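Enquirer: Just so you know, the UniProt record's numbering puts the end of the sequence shown at 259, numbered straight through with nothing missing.
Cβ coordinates follow ideal geometry from the N, Cα and C atoms, glycine included.
Every value quoted in this text rests on a predicted model; they were computed, and no experiment measured them.
Structure incoming, see below.
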Amino acid sequence: MGLIFPFFFHLFPRCRLVHLAIIHCAPDVALFCIAHLPTEMLETQNDLFQTPLHLAVYLEQPVVVEALGVNLGLQDRNGNTPLHLACEQQCLYCAQQLLQGTAEPPEHHQDLQLQNWQGLACLHISTLKGNIEMMSLLLQSGANIDVQEGTSGKTPLHLAVECCNRRAVQFLLLNGAYVDAQMYNGCTPLHLAVCHRDAAIASILSHSGADTLLRNMENETAQDLADGNDDVSAGSAASPSWGGTSPGRRVAGGDRRRS
Numbered sequence: 001m002g003l004i005f006p007f008f009f010h011l012f013p014r015c016r017l018v019h020l021a022i023i024h025c026a027p028d029v030a031l032f033c034i035a036h037l038p039t040e041m042l043e044t045q046n047d048l049f050q051t052p053l054h055l056a057v058y059l060e061q062p063v064v065v066e067a068l069g070v071n072l073g074l075q076d077r078n079g080n081t082p083l084h085l086a087c088e089q090q091c092l093y094c095a096q097q098l099l100q101g102t103a104e105p106p107e108h109h110q111d112l113q114l115q116n117w118q119g120l121a122c123l124h125i126s127t128l129k130g131n132i133e134m135m136s137l138l139l140q141s142g143a144n145i146d147v148q149e150g151t152s153g154k155t156p157l158h159l160a161v162e163c164c165n166r167r168a169v170q171f172l173l174l175n176g177a178y179v180d181a182q183m184y185n186g187c188t189p190l191h192l193a194v195c196h197r198d199a200a201i202a203s204i205l206s207h208s209g210a211d212t213l214l215r216n217m218e219n220e221t222a223q224d225l226a227d228g229n230d231d232v233s234a235g236s237a238a239s240p241s242w243g244g245t246s247p248g249r250r251v252a253g254g255d256r257r258r259s
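This is the structure in structure tokens:
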């Protein structure tokens with residue numbers, strides 16, 4: 001097998017044998033390569049800036065993922081790390097294997113706040129997918145629950161509200177998400193819930209202590225936006241904080257400072 005390596009490296013200078021073994025679902029060949037090649041070769045990126053680890057996650061080959069003890073922070077042409085892909089693919093087992101790297105040397109640590117070129121961290125992606133198990137795994141591994149995405153400053157809670165996903169909203173609040181987190185334009189999750197006419201989520205946020213009088217960059221409060229919206233006003237009227245000035249709070253404790 002060793003004599004074959006130089007031949008393939010010459011033919012495929014940007015797509016090494018281990019890439020090909022993964023693409024063609026030949027795990028025995030891939031594992032042989034992993035066992036005999038130096039780490040720098042296992043971290044080689046192809047023309048799409050994918051490492052073998054990106055491909056193994058994308059093609060859901062957990063045995064290969066487990067064997068590849070390489071740099072977890074390398075990004076493909078879309079800025080995705082292997083963990084971003086695991087969240088996108090909703091491959092929980094692959095994500096678990098990748099997150100075990102937190103016990104490895106520093107260069108193998110997973111930066112859970114790292115964003116792709118769309119400004120999304122892994123927790124943003126798993127929230128958009130509505131994958132509670134993946135969200136829980138990321139939080140247990142140290143992900144910042146209030147991390148803001150890079151384009152508009154939405155936190156996972158904002159995204160869950162936009163997706164009208166009550167379960168994700170409740171999960172995030174119970175795990176300490178800051179209910180009054182503001183986007184770059186000043187909008188809170190409650191602003192978004194009112195804009196989406198989602199009375200159920202507006203009520204959940206209000207009962208969790210959302211401040212209805214926080215103003216966005218347009219000088220609008222959630223109360224202002226709710227005026228004339230009978231569905232949202234009725235759905236939130238039962239909350240003692242609706243129309244009040246009580247500050248937002250974390251349901252599960254913790255300080256309220258945003259990173």
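(1) If we ignore side chains and look at the alpha-carbon of each, how far apart do Asp-76 and Val-29 end up?
(2) Taking its Cβ as the centre, do 16 or more other Cβ atoms sit within 10 Å of residue 347, making it buried, or is it exposed?
(3) With DSSP run on the structure shown, which of helix, strand or coil describes Ser-208?
(4) Find out if the Cβ-Cβ distance for the pair Asn-144, Asn-116 is shorter than 8 angstroms.
(5) Thinking C-beta only, is Leu-92 closer than 8 angstroms to Leu-137?
(6) Where do the ends of the alpha helix (DSSP H) carrying Cys-87 lie?
(7) Could you check whether Val-64 and Ile-23 sit closer than 8 angstroms to each other, using their CB atoms as the reference points?
(8) What's the gap between the Cα of Leu-123 and the Cα of Met-135?
(9) Give the DSSP-derived three-state secondary structure of Phe-171 in the structure shown.
(10) Starting from the C-beta of Leu-74, find all residues in its chain whose C-beta is less than 6 angstroms away, skip the five residues before and the five after it, and write them out in chain order.
(11) Taking Val-194 as the reference, give the member of Tyr-184, Tyr-178, Asp-211 with the closest Cα.
(12) From the DSSP output, in three-state form, read off residue 281 for me.
(13) Hey, Thr-127 and Ala-95: beta-carbon distance below 8 angstroms or not?
(14) Could you pull out every residue in the same chain whose Cβ sits closer than 8 angstroms to the Cβ of Leu-139, ignoring the five residues on either side in sequence?
(15) Between the beta-carbon of Gln-110 and the beta-carbon of Leu-72, is there less than 8 angstroms?
(16) Quick check on DSSP: helix, strand or coil for Gln-140?
(17) Work out the CA separation of Ile-125 and residue 262 for me, nearest whole Å.
(18) Have a look at Asp-198 and Asp-224 and give me their C-alpha separation to the nearest angstrom.
(19) Residues in its own chain within less than 6 angstroms of Cys-25 by CB, not counting five upstream and five downstream?
(20) Just the Cα atoms here: how many angstroms apart are Arg-166 and Ile-132?
(21) Note down, in chain order, each residue of its chain lying with its Cβ closer than 6 angstroms to the Cβ of Ala-121, except the 5 sequence neighbours on either side.
(22) Quick one: give me the first and last residue of the alpha helix (DSSP H) that Cys-94 is part of.
(23) Return yes when the Cβ of Asn-216 is within less than 8 angstroms of the Cβ of His-191, no when it is not.
(24) Do Ala-177 and residue 262 count as a contact pair if the criterion is CB distance below 8 angstroms?
(25) With DSSP as the reference, label His-36 as helix, strand or coil.
Expert: According to the structure shown:
(1) 23 angstroms
(2) This structure gives no information on residue 347, because the portion of the chain shown stretches from 1 to 259.
(3) coil
(4) Contact flag unset, no.
(5) yes
(6) 82 to 89
(7) no
(8) Using only the alpha carbons, I get a separation of about 6 angstroms.
(9) When DSSP states are grouped into helix, strand and coil, Phe-171 belongs to the helix group.
(10) Thr-51
(11) Asp-211
(12) Because the chain is modelled from 1 through 259, residue 281 falls outside the range shown and cannot be assessed.
(13) no
(14) Leu-123, Ile-145, Asn-175
(15) Yes, Cβ-Cβ distance for Gln-110 and Leu-72 is below 8 angstroms.
(16) helix
(17) Look at the range of the chain in this structure, 1 to 259, and you will see that residue 262 is not part of it.
(18) 15 angstroms
(19) Annotation for Cys-25: no residue places its beta carbon closer than 6 angstroms to its own, counting only its chain and skipping 5 residues before and after.
(20) 11 angstroms
(21) Annotation for Ala-121: Gln-113, Gln-115, Val-147 place their beta carbon closer than 6 angstroms to its own, counting only its chain and skipping 5 residues before and after.
(22) 92 to 99
(23) yes
(24) No answer is possible for residue 262: it lies beyond the span of the chain, which begins at 1 and ends at 259.
(25) helix
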